[in-house]
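Heads up: the structure comes next, in structure tokens.
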Amino acid sequence: MSHLYPYHMSYYQPQHVSQFPQYPQSEMWAKQQIKKPLYPYLKPQVLSSINPFVKYGLKEAAATSYEHALQEVAAMTYLLGKGMDPHTAYLTVESWEMNEMF
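Numbering follows the numbering used here, with no gaps: position 24 of the sequence shown is 27.
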């Protein structure tokens, strides 16, 4: 139908009204996780993967601001999710900065 929507979506109808109406599928999935967690084995892997970035973000926030630190950590972990190794993700995001600003 319309070429404005990605993945050939012609319309979008939320299934319920919630605190975050822009993410109805995510909320439904999260509620399901409370009842019966899927992928419980991922928790330790995920937390250990992001832990160095969390620690870095806390140090960075003390030197800059929480907004800046969260942007950096979010960008780094996004790159991790795209398949980049942690060191390269760190160096890439740091290379985007000039005078502690993006």
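We put the beta carbon where it would ideally sit given N, CA and C, even for glycine.
For residue i, the first and last residue of its enclosing alpha helix (DSSP H)
{"i": "Y69", "result": "69-84"}
{"i": "E63", "result": "45-66"}
{"i": "Y93", "result": "89-98"}
Per-residue burial, residue i [other beta carbons within 10 Å of its own, 16 or more giving buried]
{"i": "T95", "result": "exposed"}
{"i": "V76", "result": "buried"}
{"i": "G60", "result": "buried"}
{"i": "E97", "result": "exposed"}
Euclidean distance between Cα positions of residue i and residue j
{"i": "Y93", "j": "E70", "result": "17 angstroms"}
{"i": "M87", "j": "P47", "result": "20 angstroms"}
{"i": "I53", "j": "M79", "result": "9 angstroms"}
{"i": "Y44", "j": "A72", "result": "29 angstroms"}
{"i": "L83", "j": "A64", "result": "21 angstroms"}
{"i": "W99", "j": "Q74", "result": "11 angstroms"}
Neighbourhood of residue i by C-beta, 7 angstroms cutoff - its chain only, sequence neighbours within 5 removed
{"i": "F56", "result": "V76, M79, T80"}
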